[in-house]
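Trainee: If you read the sequence shown in this note's numbering, its first letter stands for residue 115, the second for the next number, and so on. Glycine included, every Cβ here is placed at the ideal spot set by N, Cα and C. Just so we're clear, the structure is a prediction, and the values are computed from it rather than from any experiment.
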Amino acid sequence: MKSILYPESGPLSLESFYSVMGAPQRFSPDMMLKHEIQVKTITPADALTIGYQAVIEGATPGYAEEVGINPLTQTDPILSEFIPMWMEEEANHTRGLLKFLDCVIVEEVDGRQTPGLEFLDGLHQLKVVAAKENPRVNYNFDDTSKYLTSIKDFLSSSVLQTQTGQETMAAIHMTWGMANEWLTWAGYYALRKVADHPVLNKTLPLIQKDEKKHATVYGMQAEIRLQQHPSLRPLVRFLLKKYYSPVGVPVMPETYFGYVAKHLKTANAIGKLAIDEVADSKLIRLPGQKPVQEQAINRALNAYHAFAA
Numbered sequence: 115m116k117s118i119l120y121p122e123s124g125p126l127s128l129e130s131f132y133s134v135m136g137a138p139q140r141f142s143p144d145m146m147l148k149h150e151i152q153v154k155t156i157t158p159a160d161a162l163t164i165g166y167q168a169v170i171e172g173a174t175p176g177y178a179e180e181v182g183i184n185p186l187t188q189t190d191p192i193l194s195e196f197i198p199m200w201m202e203e204e205a206n207h208t209r210g211l212l213k214f215l216d217c218v219i220v221e222e223v224d225g226r227q228t229p230g231l232e233f234l235d236g237l238h239q240l241k242v243v244a245a246k247e248n249p250r251v252n253y254n255f256d257d258t259s260k261y262l263t264s265i266k267d268f269l270s271s272s273v274l275q276t277q278t279g280q281e282t283m284a285a286i287h288m289t290w291g292m293a294n295e296w297l298t299w300a301g302y303y304a305l306r307k308v309a310d311h312p313v314l315n316k317t318l319p320l321i322q323k324d325e326k327k328h329a330t331v332y333g334m335q336a337e338i339r340l341q342q343h344p345s346l347r348p349l350v351r352f353l354l355k356k357y358y359s360p361v362g363v364p365v366m367p368e369t370y371f372g373y374v375a376k377h378l379k380t381a382n383a384i385g386k387l388a389i390d391e392v393a394d395s396k397l398i399r400l401p402g403q404k405p406v407q408e409q410a411i412n413r414a415l416n417a418y419h420a421f422a423a
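(1) Measuring CA to CA, which of Glu232, Met292, Asp310 and Gly279 is closest to Tyr177?
(2) With a threshold of 8 Å on Cβ separation, who are the neighbours of Ser425 within its own chain once the five nearest residues in sequence on each side are excluded?
(3) Glu221 by DSSP, collapsed to three states: which one?
(4) Report the residue from His311, Ala336, Ala375 and Pro348 whose alpha carbon sits nearest the alpha carbon of Ser359.
(5) Within 10 angstroms of its Cβ, does Gln403 collect 16 or more other Cβ (buried), or is it exposed?
(6) Mind checking whether Ala285 and Leu215 have CB atoms under 9 Å apart?
(7) By Cβ distance below 7 Å, which residues in the same chain neighbour Glu295 in space, the five residues on each side in sequence not counted?
(8) By the three-class DSSP mapping on this structure, what secondary structure does Gln407 have?
(9) Using a Cβ distance threshold of 8 Å, determine whether the segment 169-189 contacts the segment 274-283, with at least three qualifying pairs required.
(10) When you compare only the Cα positions, how much space is there between Glu408 and Lys379?
(11) Quick one, are the C-beta atoms of Thr208 and Ala168 less than 9 Å apart?
(12) Looking at the structure shown, is Ile151 part of a helix, part of a strand, or coil, going by DSSP?
(13) Rounded to whole angstroms, what's the CA-CA distance from Leu193 to Gly172? Just pull it up for me.
(14) Tell me whether the beta-carbon of Val218 lies closer than 9 Å to the beta-carbon of Pro158.
(15) Hey, quick one: how far does the alpha helix (DSSP H) through Thr163 stretch, first residue to last?
(16) Figure out for me which residue from Thr369, Asp310, Val181 and Leu297 has the closest Cα to the Cα of Asn416.
(17) Should Glu204 and Thr163 be called a contact, given that it needs their Cβ atoms to be closer than 9 Å?
(18) For Pro175, report the span of its alpha helix (DSSP H) as first-last.
(19) Checking 9 Å against the spacing of the C-beta atoms, do Lys316 and Met145 come in under that value?
(20) In this structure, does DSSP put Pro229 in helix, strand or coil?
(21) Please report the distance separating the alpha-carbon of Glu180 from that of Pro229.
(22) With DSSP run on the structure shown, which of helix, strand or coil describes Phe141?
(23) One question on the structure: do Leu400 and Thr289 come within less than 9 Å of each other, judged by their Cβ atoms?
(24) Thinking C-beta only, is Pro312 closer than 9 Å to Lys154?
(25) Here's the rule I'm using: 16 or more other beta-carbon atoms within 10 Å means buried, otherwise exposed. How should Glu202 be labelled?
(26) Quick one: grab the DSSP three-state call for Gly402.
(27) Leaving out five residues before and five after Leu212 in sequence, what residues of the same chain have Cβ atoms less than 6 Å from its Cβ?
(28) Look at the alpha carbon of Pro348 and the alpha carbon of Leu397, and state the distance between them as a whole number of angstroms.
(29) Do Val361 and Ile170 count as a contact pair if the criterion is CB distance below 9 Å?
Now the structure itself:
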């Protein structure tokens with residue numbers, strides 16, 4: 115069976131997965147050197163964006179747990195090797211980003227210079243930064259969005275007792291994972307453009323290589339399952355349309371993602387890359403699937419603008 119998504123890989127096989135997974139891990143938190151980081155300050159919006167990325171990179175065990183409850187993916191020989199590697203690399207990304215924030219200085223809007231982690235103060239500073247744009251805002255980030263219903267609520271544990279249910283969960287998890295990894299890749303690209311920090315310019319491309327590798331494995335897995343089971347295509351498409359939310363939501367509030375997306379979308383003009391288009395361009399190449407990123411990102415942007423209105 116030939117891959118439509120990754121034609122250069124040749125026929126889909128165990129060997130093709132291992133060739134993707136075998137790419138060396140090049141990023142290390144040790145690359146984040148304090149004396150290099152402190153040659154340039156970053157903006158509050160950059161700090162908030164990096165903080166958001168660090169949190170969602172550290173939330174990967176939750177996704178791995180969801181994948182692991184499915185007997186089908188639990189026993190898959192490729193995923194059983196890939197998931198631990200993926201978790202280790204994502205944890206390294208978190209460590210690296212937090213180390214950067216621990217060393218970097220944030221140039222605040224009033225001219226004060228504050229260490230990155232001190233500025234973030236538990237990632238609640240979005241209220242302060244955004245409120246300076248509009249002091250009338252009354253932020254309440256404890257609210258959960260009506261859009262953030264988990265797919266697990268739709269596919270109950272009883273569904274996982276059937277072969278069809280297991281196949282559906284496997285297909286949706288792999289498709290969802292691919293969409294998130296490509297969105298993360300695009301987010302790092304945009305962050306490099308807006309921050310233009312020498313250390314990020316050196317290290318984020320290496321993190322992006324990891325994200326591309328992860329997206330490739332998830333994408334190939336999704337493609338295999340959707341090719342083998344055409345009846346799953348409309349159901350997966352429906353679940354994505356109904357439940358998909360951008361990477362990091364609901365681990366972080368949708369309004370926070372909206373703020374980050376607003377900041378990163380300024381990179382479109384700089385880098386000629388729309389972060390939603392990257393993931394959607396891959397998604398629509400999967401059998402029977404349609405774009406979801408633009409809709410999800412616009413919803414988050416609207417949520418943020420509603421708070422700031």
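Mentor: To lay it out plainly:
(1) Comparing alpha-carbon positions, the option among Glu232, Met292, Asp310 and Gly279 lying closest to Tyr177 turns out to be Met292.
(2) Given a span of 115 to 423 for the chain in the structure shown, any question on residue 425 remains unanswerable.
(3) Here Glu221 sits in strand by DSSP.
(4) That would be Ala375, whose Cα lies nearest to the Cα of Ser359.
(5) Classification for Gln403: buried.
(6) Against a cut-off of 9 Å, the Cβ pair of Leu215 and Ala285 comes out as no contact.
(7) Apart from sequence neighbours up to five positions away, the residues of its chain that approach Glu295 with a beta-carbon distance below 7 Å are Glu325, His328, Ala329 and Tyr332, ordered along the chain.
(8) If DSSP states are grouped into helix, strand and coil, Gln407 belongs with the helices.
(9) Segments in contact, yes.
(10) Straight-line spacing of the CA atoms in Glu408 and Lys379 works out to 12 Å.
(11) For Thr208 and Ala168, yes; Cβs fall inside 9 Å.
(12) The three-state secondary structure of Ile151, taken from DSSP, is helix.
(13) Rounded to the nearest angstrom, the two C-alpha atoms are 19 Å apart.
(14) No, the Cβ-Cβ distance between Val218 and Pro158 is not below 9 Å.
(15) For Thr163, the enclosing alpha helix (DSSP H) begins and ends at Pro158 to Glu171.
(16) For the residues Thr369, Asp310, Val181 and Leu297, the minimum Cα distance to Asn416 belongs to Thr369.
(17) Remark: C-beta atoms of Glu204 and Thr163 do not approach each other more closely than 9 Å.
(18) Taken as a continuous stretch (DSSP letters only), the alpha helix (DSSP H) holding Pro175 covers Thr174 to Gly182.
(19) Taking 9 Å as the Cβ cut-off, Lys316 and Met145 qualify as a contacting pair.
(20) Looking at Pro229 - three-state DSSP - the assignment turns out to be strand.
(21) Using only the alpha carbons, I get a separation of about 36 Å.
(22) It is coil, neither helix nor strand.
(23) Yes, the Cβ-Cβ distance between Leu400 and Thr289 is below 9 Å.
(24) Yes, Cβ-Cβ distance for Lys154 and Pro312 is below 9 Å.
(25) By the neighbour-count rule (16 or more Cβ atoms within 10 Å), Glu202 is not buried but exposed.
(26) DSSP places Gly402 outside both helix and strand once states are collapsed to three, so it counts as coil.
(27) For Leu212, where only same-chain residues beyond five positions count, the Cβ hits under 6 Å are Ala168.
(28) Pairing Pro348 with Leu397, the inter-Cα distance amounts to about 14 Å.
(29) The answer is yes: Cβ separation under 9 Å.
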